[in-house]
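Step one of this worksheet: look at the structure below.
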Amino acid sequence: MIQHSIFKHIFKILLSLLATMSITAHAQYKTLDPNDQNDPDAPRFWEEAEVKIPTAPPSKDLKPFYVSAITQLKFALDAPSITFGKDEVIRYVLVITTPSGGQQVSYEGIRCEKYEWRLYATMQKDGEWHKSVNSRWQLIRGAGHNSYHAALVKDAFCDNSIPRRSAKEIIPLLKP
């Protein structure tokens, strides 16, 4: 009987402690305003800006960049195509050239913050851009001899997870 009374008393104490902790935690909770740019704890919602596919083929101002010592492909960016969106996506036209001279031309984007890339369109043999169907953001993989996305992020586009802000800043970082 005494033991039952002790357990009942301990239970009441624990229950009141839990209630007190709950009230204290609730008082410390602050409502996050996603529009408060000065609040570092405010949730950030990312939305991709509207993407405009280039109207012309790549210019002659191609900037080659190094990817790997073991790849036989050559990689270059069309310098005038490099754009910086308000959504913090760096978009560009990429030209990949095979040893036999064949080329693959694509319009892509990179998000430094999330270490992701996306294919928007490819240029066909007729010189027309064809939008990529069901394109989605993909994680950049650093392994492999043709991992040009990783090379762009590491060497030119991003300062850690922060995108560089101009083509003038990026182009000198592209090492052939």
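Numbering (mature numbering (1 follows the signal peptide of the UniProt record, and there is no 0)), first residue to last: -27 to -1, 1 to 149. All residues carry an ideal CB built from backbone N, CA and C; glycine is no exception.
Q: Determine the DSSP secondary structure at Asp128, reduced to helix, strand or coil.
A: helix
**Q.** Trp90 - partner residues in DSSP beta bridges
**A.** Ile83, Gln111
Q. Between Ala22 and Val62, what straight-line distance do the alpha-carbon atoms span, to the nearest angstrom?
A. When rounded, the distance between both Cα atoms is 9 Å.
Q: Quick one: grab the DSSP three-state call for Leu67.
A: strand
**Q.** Cut-off 6 Å between Cβ atoms - residues of its own chain near Gln97, not counting five sequence neighbours on either side
**A.** Excluding residues within five positions, the ones whose Cβ falls inside 6 Å are His103.
Q) Given that a residue counts as buried once 16 or more other Cβ atoms are within 10 Å of its Cβ, and exposed if not, what is Ala29? A) exposed
Q | Three-state secondary structure (DSSP) of Pro72 | A | coil
Q) Per DSSP, what kind of secondary structure is Leu46 in: helix, strand or coil? A) coil
Q. Over what stretch of residues does the beta strand (DSSP E) that includes Lys104 continue unbroken?
A. 102 to 104
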